[in-house]
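Scroll down for the structure; my scribbles are underneath it.
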């Protein structure tokens with residue numbers, strides 16, 4: 001459930017990065033923030049479940065490391081936030097470069 005939520009969040013972030021109009025970007029940002037909330041709920045539920053069965057009690061920090069979730073996206077953003085800058089994937093960096101090139105035109 002958490003991995004699926006994180007995948008949906010990544011797709012929503014890519015939609016923000018690839019949006020060509022401000023209306024499309026705002027719609028993508030609203031969707032991103034909604035999916036982000038769902039991902040936070042899924043991670044919390046998994047943590048509670050793990051604690052309930054005796055696995056890693058009070059280990060919230062570890063869950064945040066294993067399942068990183070980026071901060072909420074501001075409505076005026078041009079790029080989707082990412083969980084940790086040092087973990088930027090090649091694809092995410094490529095998308096940012098494409099977006100910057102479009103904005104430079």
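Numbering (this note's numbering), first residue to last: 1 to 105. We treat Cβ as the ideally placed atom computed from N, Cα and C, and that holds for glycine. All of these numbers come straight from a predicted model, not from anything done at the bench.
What number of angstroms, rounded off, separates the C-alpha of residue 70 from the C-alpha of residue 15? The sequence position of residue 70 within the chain shown is 70, counting from 1. The sequence position of residue 15 within the chain shown is 15, counting from 1. Rounded to the nearest angstrom, the two C-alpha atoms are 15 Å apart.
What's the gap between the Cα of residue 59 and the Cα of residue 66? Numbered from its first residue, the chain shown carries residue 59 at position 59. Numbered from its first residue, the chain shown carries residue 66 at position 66. Each residue's alpha carbon lies about 11 Å from the other.
Give every residue of the same chain whose Cβ lies closer than 7 Å to the Cβ of residue 72, excluding the five residues on either side of it in the sequence, and list them in chain order. For the purposes of this step, residue 72 is taken as residue 72 along the chain shown, with counting starting at 1. Counting only Cβ-Cβ distances below 7 Å, and skipping sequence neighbours, we find 33, 36.
State buried or exposed for residue 86, treating a residue as buried only when at least 16 other CB atoms are found within 10 Å of its CB. Position 86 of the chain shown, counted from the first residue, corresponds to residue 86. The pLDDT assigned to residue 86 is 42, lower than 50, so where the model puts this residue is not dependable, and the model offers no usable value.
What would DSSP say about residue 24, mapped onto helix, strand or coil? If you number the chain shown from 1, residue 24 lands on position 24. Looking at residue 24 - three-state DSSP - the assignment turns out to be helix.
Consult DSSP for residue 75 and reduce its assignment to one of helix, strand or coil. For the purposes of this step, residue 75 is taken as residue 75 along the chain shown, with counting starting at 1. DSSP places residue 75 in coil when its eight states are reduced to three.
Would you say the beta carbon of residue 32 comes nearer than 7 Å to a heavy atom of the ligand SAH? Absence of the ligand SAH is noted for the structure shown, with no ligands found whatsoever.
Check for me: the alpha helix (DSSP H) holding residue 16 runs from which residue to which? Residue numbering aside, residue 16 sits at position 16 when the chain shown is read from its first letter. 2 to 18 is the span of the alpha helix (DSSP H), which, as asked, contains residue 16.
Write down the C-beta distance between residue 38 and residue 5 rounded to the nearest angstrom, noting that I regard them as a contact closer than 8 Å. Along the chain shown, read from residue 1 onward, the residue named residue 38 stands at position 38. Along the chain shown, read from residue 1 onward, the residue named residue 5 stands at position 5. At roughly 6 Å, the Cβ-Cβ gap stays under 8 Å, so residue 38 and residue 5 are in contact.
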